[in-house]
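Read in order, the letters of the sequence shown are residues 5 to 493 in the numbering used here.
All remarks here apply to the structure that follows.
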Amino acid sequence: MGIAFRLFRLDDKVLWHDEVYTLLRVTGHIGAAVQAAVMTGEPITGAELLKFQQFAPDATFGDTWRSLLDHPEHPPLYYLLLWIWVKGWGTSIAAFRSLSALFSIAAVPIMALLCRALYQSRRAALIGVALLALSPVQILYAQEAREYSLWGLLTLLASWLLVRAVRQPTPRAWLFYSVALALGLYTSVLAGLTLMAHAVYGAIALPKRRWLSLGLAIAGSSLLFVPWMLVIITRMGRLKTVTDWIYAVPPWGVRIKLWGLHFASVFVDMNLPLSHLYTYLVPAILVGLIGVAMVQMARSQPYRVGLLPISLVVIPAAVLMGGDIVRSTQISSHTRYFFPTLLGIVVLMAGWLSDRARHRPRQVVVGLTVLLCSGLISASLSATSPSWWNKGVSYQNAQIASAIATQPPPVVLMGQNRGTTVGDFISLAHRLPDTTLFQLTPLSETPPLVEQATTKLLFQPSEEFRNAYACPSEPLPELMPETVWLLRC
């Protein structure tokens, strides 16, 4: 079932803003050049927009590499692997997403190896496999053309290799662990959270004579990452520009709810509004359950065993949430940055439930059944929905495309560049007829009217934008009022 959910309808879900930019980078398009090409105020068809999601006839690997350098916040490993992948399998949405699905599927047997090696228990390995296979958050990101499923796979791989190196401390074992850590860093800079969790685990759980081996392995992985660190340092100005979104901090009440939903998404995810009773009740129960599991694992297991999953759960989460509090940023508001914690929870619960099964097997069977059924229901709901909360700023694009499709053609969608508008226009172009027209201008300008268009629509218009034309406008009734307005000209 886990494999089926990861591969089901890969091309049907909304290709959201960040995935649009994955396709841009892999196919060798620079974001600024794309904006300059489309943000002219002149109408451009959907077919012309979608050319930026394909390789140009004269595209080279150098174009892709320059595009990757333009975003130093994203290390290149996933994008380079995806470039190789789509060169062989084509540039359809399903092809772009299928590599993430395969990484997520590959993580399941690695989870089995980690739990078996850590707990010396076949039961723990089977529980870990079951929980990971039906984990709603893992299934969501398995169907996204982003680096998170590869990051998850490498987090589990590095953790398994660490356990092996601790139990059989040979130079070769430590070398493999160091390389796995480095690959994680080349997938996401936040793989440093895994490195920190492993370092804390080693400092507490390992005898002092082993500290040097662990330290050299971590230092080796950091040294291997130096080339990309130099890219980050030399392009620090660009990095600050493309990550300035982190300073749009949500209210404290919203932030705390999101934190709870991050943890809950390991087992259940109903995509309900933040105001729903579910948001207050279910995450609190599951966070409490995880807390009980940590306390009992700390008491019942040797440090060398219990501390590793606890470190994976606590250290990354504490760094993300604490860092946001100190810096007044919002990184911890996004579930995707908690991947080491989300995987650590599965490892923790596998060990705890396996241990409890020796004494209270019926309770464990009931509890595990509830968790797996929750995951199954959540995955079934998201599988049949064209959009889910992980689509971020493009969450409504499936509904927007459906509403636009009901309007008399020809249609022109007009917008001002609000930071994510280019990505949203390309996202919508994937779901609209190729003949749909798009007009985009800088925020200080308004696009001229296309007289031959029967239907003129304003995308996410400000009040000034709506009043810029000498004709009335009204929101499309099927959508939220601030989304798309019909211009009666």
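The beta carbon of each residue, even a glycine, is placed where N, CA and C say it ideally should be.
With residue i as the anchor, note down where its beta strand (DSSP E) starts and where it stops.
i: Pro479; result: 477–479
i: Lys460; result: 459–463
i: Thr445; result: 441–445
i: Trp489; result: 488–491
i: Val415; result: 415–420
Could you name the residues of the same chain whose beta carbon sits closer than 6 Å to that of residue i, not counting the 5 residues immediately before and after it, in chain order?
i: Ala321; result: Thr345
i: Leu276; result: Tyr282
i: Leu316; result: Ala201, Pro344, Gly348
i: Ile430; result: Val24, Leu53
i: Ala41; result: none
Please return the same chain residues whose Cβ sits closer than 8 Å to the Cβ of residue i, not counting the five positions on each side in sequence.
i: Trp215; result: Gly206, Ala207
i: Val291; result: Gly264, Phe267, Ala268
i: Asp438; result: Thr49, Gly50, Ala51, Leu54
i: Gln58; result: Thr31, Thr95
i: Leu73; result: Val235, Arg239
Pick out whichever of the options has its Cα sitting closest to the Cα of residue i.
i: Ile114; options: Leu161, Tyr145, Tyr83; result: Leu161
i: Glu151; options: Pro485, Ile349, Thr26; result: Thr26
i: Val426; options: Arg331, Met200, Gln464; result: Gln464
i: Phe180; options: Leu166, Ala129, Gly257, Ala149; result: Leu166
i: Gln39; options: Trp89, Thr424, Thr459; result: Thr424
i: Leu144; options: Ile260, Ser332, Gly219, Pro390; result: Pro390
i: Leu375; options: Arg126, Asn394, Ile349, Trp392; result: Ile349
i: Ser108; options: Val141, Gly355, Phe59; result: Val141
i: Ala36; options: Ser448, Asn421, Ser477; result: Asn421
i: Thr410; options: Leu385, Leu436, Gly419; result: Leu436
i: Thr445; options: Ser466, Glu468, Asp428, Met418; result: Met418
i: Gly494; options: Ser182, Leu262, Gly241; result: Since the first and last residues shown for the chain are 5 and 493, residue 494 lies out of range.
i: Ala116; options: Ala129, Ala110, Ala105, Lys91; result: Ala129
i: Asp67; options: Leu278, Leu28, Gly92, Ala99; result: Leu28
i: Asp359; options: Met298, Ile319, Gly92, Arg242; result: Met298
i: Ala354; options: Ile260, Phe271, Lys244; result: Phe271
i: Leu19; options: Asp428, Arg366, Phe342; result: Asp428
i: Pro414; options: Asn394, Val454, Ser386; result: Val454
i: Leu154; options: Lys91, Leu103, Asn471, Ala60; result: Leu103
List the endpoints of the continuous alpha helix (DSSP H) containing residue i.
i: Gln334; result: Premise fails: Gln334 is in no alpha helix (DSSP H) and is neither H nor E.
i: Thr283; result: 281–304
i: His266; result: 256–268
i: Lys509; result: This structure leaves residue 509 out entirely; the chain is present only between 5 and 493.
i: Gln39; result: 35–42
i: Ala110; result: 97–123
i: Phe9; result: 6–11
i: Phe229; result: No alpha helix (DSSP H) holds Phe229; DSSP gives it neither H nor E.
i: Asp428; result: 425–433
i: Asp67; result: 65–73
i: Gln456; result: Neither: Gln456 is in no alpha helix (DSSP H) and is coded neither H nor E.
i: Met200; result: 196–209
i: Ile88; result: 81–93
i: Thr174; result: That residue, Thr174, is in no alpha helix (DSSP H); it is neither H nor E in DSSP.
i: Gln58; result: First-last for Gln58: undefined, no H or E at that position.
i: Ile349; result: 343–361
i: Pro365; result: 365–387
Work out the CA separation of residue j and residue i for me, nearest whole Å.
i: Thr450; j: Thr283; result: 40 Å
i: Ile34; j: Ser71; result: 5 Å
i: Ile381; j: Leu136; result: 15 Å
i: Arg303; j: Pro313; result: 14 Å
i: Ala361; j: Cys377; result: 19 Å
i: Ala146; j: Ala474; result: 47 Å
i: Pro47; j: Leu462; result: 13 Å
i: Gln456; j: Gln400; result: 28 Å
i: Arg168; j: Ser332; result: 39 Å
i: Leu122; j: Ala63; result: 47 Å
i: Arg101; j: Lys17; result: 10 Å
i: Val397; j: Leu218; result: 41 Å
i: Met404; j: Leu483; result: In the sequence as displayed, the identity of residue 404 is Ile instead of Met. The alpha-carbon atoms of Ile404 and Leu483 are separated by roughly 7 Å.
i: Ala252; j: Ser337; result: 11 Å
i: Glu478; j: Leu490; result: 5 Å
i: Thr247; j: Gln172; result: 42 Å
Taking 8 Å as the line, does the beta carbon of residue i fall inside it for any heavy atom of the ligand COA?
i: Ile319; result: Ligands in the displayed structure: none, and consequently the ligand COA is not present.
Could you tell me how far apart the beta carbons of residue i and residue j are, in whole angstroms, since I believe they sit closer than 8 Å?
i: Val230; j: Glu77; result: Between Glu77 and Val230 the Cβ distance is about 17 Å, and since that is not below 8 Å, they are no contact.
i: Thr440; j: Gly50; result: 5 Å
i: Val24; j: Tyr83; result: With 8 Å as the limit, Val24 and Tyr83 do not qualify as a contact, their Cβ atoms being about 14 Å apart.
i: Val488; j: Ala407; result: 7 Å
i: Leu199; j: Ile222; result: 6 Å
i: Gly45; j: Pro452; result: 6 Å
i: Ile131; j: Leu357; result: 5 Å
i: Ala105; j: Arg10; result: 4 Å
By Cβ distance below 7 Å, which residues in the same chain neighbour residue i in space, the five residues on each side in sequence not counted?
i: Pro79; result: Leu189, Tyr190, Thr191, Ser192, Val193, Trp232
i: Pro476; result: Arg492
i: Val309; result: Leu122, Tyr123
i: Leu311; result: Tyr205, Ile208, Ala209
i: Ile7; result: Ile109
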